[in-house]
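Down below is the structure, laid out as structure tokens.
Below, the structure written as structure tokens:
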């Protein structure tokens, strides 16, 4: 059995109150927070430890030694404000807030659970000052806060942490220019300079060059120090107090995964094949146990050295070792996509694959390694990636542009529009489409992407249901589509393999009947929602109601003849979107029905999101939004009666 | 009468062939292009002369003395590529392309006319290599082209012109970093450093600081010279040929409006009150005549000095002097908005107005001058503006964020989403909403903004019909709305004053009947489309058909009871969107009807855009899209029969 343990706030209080060397105290507190962070990530099954650990000494220093929050609380207008712009280091941040007594234990231990703490910062969590998780916005937002403090004569400083890879985002440089010009000087930026991105070195992805000079030439007061050296941090923040005519930045040299030896990233990137392993995801059981042991021993050794008693922690969960995870056995459409890319790459020399530092997540590594000369890494610069794709397409190449849908469709929206007006062909792949996985929260769940592409008059939007359809869909986009395409891909393992008929063939505008039925008909798409649709059919079957389930991968084009055949026998038509109810397949169905006289009087009922996507486990979140099979079955029964 | 004259391509040929001093020749050619540019802008009634003239000497130099296009043509894979990232200097660029024989006279003289040349660059015009007009994308796109040239072993250089204000856009800095890292060295950026933005000095809007050092520290080879000195330009481009290990940038010091004395911007900004007048818009008759005369005299004097015969130009249009323009007499909703802002500013100390260098166009100048301490200028950095608004709102202030809808809703989409997830209240004002004016073309016409806000679950979207409703709508957003709002505002003068009933009161979710009718009902909104709707009603009235016209300013919320009352008597309901058919009021109507049993079987017909918005005069473009009153009347009759 694996034991997951928590260090309670009481223990932190005791250390904080102890009369010991202040730097040793901070070291102990930081490692205690590390222990709690890894415990919550292990419990959640996901989370970002690498950069939680690289930034944790700075965050510990700020809360326990620098900010006035301990005295004023987190609602006082004169409080110092701190937040993380990158946001994925929030497990470490929560650990500090819990240690400060700001997040109750019950909430803290439920990282990425519904009702617990969000996978990325959310202001509903006490002590969290801003929502983040999509990169590059933090300095701008901090500037707004600092501007407001000035306008309302409020005291306190505003401090914001950025990643280093995050500095590839253009908004960072906008905000560096405007902050200086607007004389918003009550602002401190801390760069967590751990030199690694998702898995490769920053120098390899997009090198930032001479960062100190860049900030300086942009008009900022720059300091640099070891981000794990509390005395150095203290000195920098003391110096900052004297600088009132400029905004300030601290480049904190840190080590990704700092605190657990085998998680620590190298200072120099060892070789081309080296991949940093601990950016995201929970550690396996053995790594968790040995990492936790290492932290505990370090903490205890320090406690002992200053004459304090050893750490006591409480077991919050025990679980079986080596639980089989869905992701190890299930089909993943993204893997099929990656295979198809390599295959098509061998046939089409004009195929160029583009990435914004999510190569592994987006299934691109195979292509990246097979055709490095046709793989373009742009780093975390989605706008640049998309316009570069535009230039490639104008010169006759076929770019396949990848990122998470929530970033690509949104951050680069105007660039996508601009490309579309040139009527070249580009394939956009919106990964991590839809509600699930819901652990990372609404900065990552892509439930607006169809609507963000929707008003482009020359882009086909589609989402495949399984590996076979994924390969067929990509091939269709590459070889057959006359115009640009946007393909949505679910990132998580498929909860079940969606079975297509033996004679399956992808046909433009037409879907596939997955389950026949006479009582009601439900359109859905993608492995996540088709699974829930089929579950609903199974549930209804037990009530002697038969639900016809149709996989419709074409989200903005429905073949009218086929559509009429499919729904002719039904008075009510249900549509399930893995997306906001606005602008998805449901609206496409409504509009298609308006074109056919006989269909107009039917009743159409849309299932989808009508609020921000909740954070939690898949079952929690599907149930919360009433989009799980059981809820769908009830909603269908209710609607029919 | 005013005479508008054109210098034909033949005249350019003669000068190009003349055996005279090469720099004098370029000066003459550039001024001849200036003369043609001002003629086409005068004829079009709009266009950007200030930056056409500041960049024209560089563009003239490139086409007539530097690029290989004259030999290879504009389709050869080995050609040098040039395009303008800012794009609003396209009247000058067209003049050069016309002078090169690439654009036929008939097309060239029809600037901003349907079938003529687009208001911003469009690749359908011969010689135009990329679409632009929304800022900041050009270096990325040029990089894609240069990457493709390398990948396909094609010869030729890639050169892109940026504005200086454009360097406030974050994407510029993304692309500066990635270009160097990706070693795309076959790329030359030319900054048209004219030091003025829409009407104020760049130093005043958002200062760029030491531009040379910025580019240098970003890893670029930097040269700087007088952008009106052909010998200096020649030297720089010769030097660039020797630099093969870095991308290159030329900071060209230029004068906005160069070539016509009274249009020339000062080198230093004279005083706070100084506003540069010639950024956009056609010159009045007197300015046009005296400016044209000055150019002609200069050209002739130079021609004479090198022994060539004086210029002969052809009259392409004569028109009456001082034609009364609609904009001088008509109601403008944006003016009402500006007045309401000032009024509400006096009542609400928490109201902060934000601008991205469009203060005059967005009606903000009154507020800017009345409450400078609550006006935040962010320059051309929409993402920074929106996230800064987020920070202000988190600290309890109420930001009113302004830009053109096509930029704001799209460029800052992810930032708007991020703010929305914090559930603070922010008012976004999407100016220049809809299809009209259509002269600037699709980079400026905002016909996707409703869809880009649509999937936000907590934002009310509305568009007022006239000055009264505009003031009421803003007041509602400021004082009554519980959540964020997006208000669309048409920028052009209202083609007619939309009359509201005497007892008019803005009521959430409910619109106003503007014309009663029994035969059909049409929902529309905003002054542009309501005018067409009323025209359609008038046309139908002559055919003894009565059309009920309803102004529905609430675009994503319709009061069901009111709605049912309004349409109960009609079998067919028409909806007219000043937007893509996707995601606008039409879809909202469809969805509302689905909620009410009795309404479901009615027929709903949407009018709106189903392609990219065309460029041209309002009547041309409305007719092209079949959205003018007459077309609407016919479409309604057809649908009813």
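Protein chains in written order, with the numbering used here: chain A, 1 to 641; chain B, 1001 to 1641.
Each residue gets a CB set at the ideal place from its N, CA and C atoms; glycine is no exception.
Asked	Found
Nearest candidate by alpha-carbon position, reference residue 302 of chain A, set A:607, A:26 and A:5	A:26
Counted within 10 angstroms of its Cβ, other Cβ atoms place residue 578 of chain A as buried (16 or more) or exposed	buried
Residue 181 of chain A at chain B interface by Cβ criterion, 8 Å	yes
Proximal residues to residue 1018 of chain B (C-beta, below 8 Å), its chain only, five neighbours per side dropped	1025, 1306 and 1308
CA-to-CA distance, residue 1510 of chain B to residue 1561 of chain B, given in whole angstroms	9 Å
Closest residue to residue 1169 of chain B among B:1009, B:1139 and B:1182 (Cα-Cα distance)	B:1139
Residues bridged to residue 1315 of chain B [DSSP beta-bridge criterion]	B:1005
Extent of the continuous beta strand (DSSP E) run through residue 272 of chain A	Taken as a continuous stretch (DSSP letters only), residue 272 of chain A belongs to no beta strand (DSSP E), as it is neither H nor E.
Rounded separation between residue 1400 of chain B and residue 1430 of chain B - CA only	11 Å
Chain B contacts from the stretch 448–474 of chain A (Cβ-Cβ distance under 7 Å)	448, 451, 452, 454, 455 and 457
Cβ neighbours of residue 1166 of chain B in the same chain (closer than 7 Å, five flanking residues each side left out)	1085, 1086, 1135, 1136, 1172 and 1380
Per DSSP, the bridge partner or partners of residue 1512 of chain B	B:1551
Residue 648 of chain A to residue 1418 of chain B span [Cα, whole Å]	This structure leaves residue 648 of chain A out entirely; chain A is present only between 1 and 641.
At least 3 beta-carbon pairs within less than 8 Å: the stretch 419–438 of chain A vs the stretch 1175–1193 of chain B	no
Residue 1148 of chain B burial status per 10 Å Cβ neighbour count (16 or more: buried)	buried
Continuous alpha helix (DSSP H) stretch holding residue 33 of chain A: start and end	22–44
Residues that residue 1173 of chain B contacts on chain A, provided the C-beta gap is smaller than 7 Å	170 and 173
Residues that residue 375 of chain A bridges to, as DSSP identifies them	A:353
For residue 492 of chain A, the nearest candidate out of A:299, A:474 and A:330 (CA to CA)	A:330
Backbone secondary structure at residue 624 of chain A - three-state DSSP	helix
Same chain, Cβ closer than 7 Å to residue 413 of chain A, five either side skipped, listed in chain order	452
Counted within 10 angstroms of its Cβ, other Cβ atoms place residue 1488 of chain B as buried (16 or more) or exposed	buried
Under 8 Å by beta carbon: chain A residues contacting residue 1147 of chain B	376, 388, 391 and 392
Exposed unless 16 or more other CB atoms sit within 10 angstroms - verdict on residue 1310 of chain B	exposed
6 Å CB neighbourhood of residue 1315 of chain B in its chain, flanking five on each side removed	1003 and 1005
8 Å Cβ cutoff, residue 418 of chain A in contact with chain B	yes
7 Å CB neighbourhood of residue 109 of chain A in its chain, flanking five on each side removed	6, 40, 43 and 316
Which of helix, strand or coil DSSP assigns to residue 364 of chain A	coil
Contacting residues, own chain, Cβ-Cβ under 6 Å from residue 1008 of chain B (five flanking each side not counted)	none
Bounding residues of the alpha helix (DSSP H) (the contiguous stretch that carries residue 424 of chain A)	Note, residue 424 of chain A: premise wrong, no alpha helix (DSSP H); not H, not E.
Segment contact flag, the stretch 1526–1545 of chain B with the stretch 1563–1571 of chain B, C-beta cutoff 8 Å, min 3 pairs	no
Near-chain B residues of the stretch 5–35 of chain A - C-beta to any C-beta below 9 Å	none
Residue-chain proximity (residue 140 of chain A, chain B), Cβ-Cβ < 8 Å	yes
Any C-beta of chain A under 8 Å from that of residue 1591 of chain B	yes
The stretch 193–212 of chain A touching the stretch 236–244 of chain A, judged by at least three CB pairs closer than 8 Å	no
At least 3 beta-carbon pairs within less than 8 Å: the stretch 1186–1196 of chain B vs the stretch 1099–1113 of chain B	no
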